[in-house]
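Take the sequence shown: its position 116, counting from 1, is numbered 160 in this note's numbering, and each next residue is one higher.
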Amino acid sequence: MEYRFNEQATSVIQRAETAARISDHSVIEADHLLIGILLEPASTARRVLDLAGVDAAELGYGIFGDTPVRIDSDPAGPVWSRNTRKIMRRAFFEAFSMDKRLIGTEHLLLGILSVNDDRSASALSRNGLDLAQAAEYVRALAGDPLVVAQQELTTAPAVEGVRRAVERSVLMRADALEDEHLLWALGQIHASNAAAVLAACHQRSSVRAMTIVSGVRGPVPDARHLIEVIRKADFWAQKLEHRHVGSEHLLLALVCNKSSSAKKLLRLLEVTPIELQQLVSD
Numbered sequence: 045m046e047y048r049f050n051e052q053a054t055s056v057i058q059r060a061e062t063a064a065r066i067s068d069h070s071v072i073e074a075d076h077l078l079i080g081i082l083l084e085p086a087s088t089a090r091r092v093l094d095l096a097g098v099d100a101a102e103l104g105y106g107i108f109g110d111t112p113v114r115i116d117s118d119p120a121g122p123v124w125s126r127n128t129r130k131i132m133r134r135a136f137f138e139a140f141s142m143d144k145r146l147i148g149t150e151h152l153l154l155g156i157l158s159v160n161d162d163r164s165a166s167a168l169s170r171n172g173l174d175l176a177q178a179a180e181y182v183r184a185l186a187g188d189p190l191v192v193a194q195q196e197l198t199t200a201p202a203v204e205g206v207r208r209a210v211e212r213s214v215l216m217r218a219d220a221l222e223d224e225h226l227l228w229a230l231g232q233i234h235a236s237n238a239a240a241v242l243a244a245c246h247q248r249s250s251v252r253a254m255t256i257v258s259g260v261r262g263p264v265p266d267a268r269h270l271i272e273v274i275r276k277a278d279f280w281a282q283k284l285e286h287r288h289v290g291s292e293h294l295l296l297a298l299v300c301n302k303s304s305s306a307k308k309l310l311r312l313l314e315v316t317p318i319e320l321q322q323l324v325s326d
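Written as structure tokens, this is what we have:
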């Protein structure tokens with residue numbers, strides 16, 4: 045089975061392989077995966093550990109010992125152990141059960157805890173985290189726009205755009221995360237595809253959007269609308285037959301819908317939905 049991972053889970057797996065190599069281990073075990081998670085501080089899995097009060101440094105020290113060396117693997121490099129393959133199957137199931145297209149770091153963590161016959165699951169349990177608790181924390185984080193962005197989007201600029209939109213809305217003390225916050229943020233990621241599309245519209249979109257939201261004041265923002273936009277970005281990536289879900293798809297999800305807010309943004313950009321789709325396709 046071919047598994048698909050989001051950006052942070054891919055990084056965790058790469059770090060796990062590196063940990064196995066530098067330890068001269070011929071297979072990648074659950075220990076290495078957990079080390080990879082600990083080395084990815086912004087990941088959802090690390091947020092779960094933080095919520096559970098797990099000391100990452102202490103946990104890492106406890107598991108980074110002598111993992112048994114196997115001699116029956118490919119000498120070209122470490123491969124997944126039988127136990128790790130079970131973890132990956134479980135992680136896939138966890139992602140599927142949550143209606144996620146990509147496996148995230150939180151699903152890898154749940155996979156490790158599900159296969160409880162290894163040292164990593166035992167170490168997590170000793171530090172006060174079991175499968176049921178971890179699953180509860182993952183569900184609690186499902187309403188966090190940054191977590192949803194990490195799960196649904198597959199490029200760093202897209203995730204960064206969401207992060208900046210959240211920061212902007214908090215700074216403006218907005219009642220809710222508005223479309224204009226995200227448009228402003230996408231215009232700030234200068235190396236992104238979305239910024240290139242906005243530049244092609246010949247508009248100083250980020251400056252205009254910032255003017256629109258400058259008078260907004262309120263308590264902690266409501267992120268439900270932004271989360272809906274993030275999830276629609278995947279639709280646009282599939283429609284355009286693009287492999288990755290990036291900032292340009294986030295822009296399409298934001299602007300190409302029937303809401304009054306989207307119509308306002310189209311007027312702001314002086315572009316039609318069809319023209320915007322063509323710019324992204326190009």
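Using N, Cα and C, we set each Cβ at its ideal position, and we do this for glycine too.
For this session: Please state whether DSSP places A229 in a helix, a strand or coil.
Result: helix
For this session: With DSSP as the reference, label A220 as helix, strand or coil.
Result: strand
Problem set entry | Under 8 Å between C-beta atoms of L296 and V315 | no
Exercise. Looking at the unbroken alpha helix (DSSP H) that takes in P317, where does it start and where does it end?
Worked result: 317-325
For this session: Quick one: give me the first and last residue of the alpha helix (DSSP H) that Y105 is part of.
Result: 100-107
Exercise. Where does D75 land, buried or exposed, given buried means 16+ other C-beta within 10 angstroms?
Worked result: buried
For this session: Keeping to the same chain, check which residues put their C-beta closer than 6 Å to that of A89; ignore five residues upstream and five downstream.
Result: I81, T149, E150, L153
Exercise. Where N237 and N160 are concerned, what is the direct C-alpha to C-alpha distance, given to the nearest angstrom?
Worked result: 43 Å
Exercise. In whole angstroms, what is the alpha-carbon distance linking E138 and R126?
Worked result: 19 Å
For this session: From the DSSP output, in three-state form, read off D68 for me.
Result: coil
Problem set entry | Per DSSP, cross-strand counterpart(s) of V123 | V71
Exercise. In this structure, does DSSP put D143 in helix, strand or coil?
Worked result: coil
Exercise. Residues in its own chain within less than 8 Å of Q282 by CB, not counting five upstream and five downstream?
Worked result: none
For this session: Measure how close the beta-carbons of P189 and I271 come, nearest whole angstrom, since I'm counting them as under 8 Å.
Result: 5 Å
Problem set entry | the segment 274-281 / the segment 191-204 touching (three or more Cβ pairs under 8 Å) | yes
Problem set entry | Collapsed DSSP secondary structure at D9 in the structure displayed | What is shown of the chain runs 45 to 326, which leaves residue 9 out entirely.
Problem set entry | Distance CB(L230)-CB(A239) smaller than 8 Å | yes
Exercise. Skipping 5 residues on each side, what residues in its chain have a beta carbon closer than 6 Å to that of S87?
Worked result: Q52, T149
Exercise. Apart from the five residues on each side of it in sequence, which residues of its chain come closer than 8 Å, Cβ to Cβ, to V329?
Worked result: The requested residue 329 is not part of the displayed model; the chain covers only 45 to 326.
Exercise. Sorted by chain position, which residues of the same chain lie with C-beta nearer than 7 Å to G155's C-beta, five sequence neighbours on each side aside?
Worked result: I131, M132, R134, A135, E138
Problem set entry | Proximity to I147 [Cα-Cα], best of L93, A165, I57 | I57
Problem set entry | Beta-carbon contacts of V191 that lie in its chain and below 6 Å, excluding the five residues immediately before and after | T88, L185
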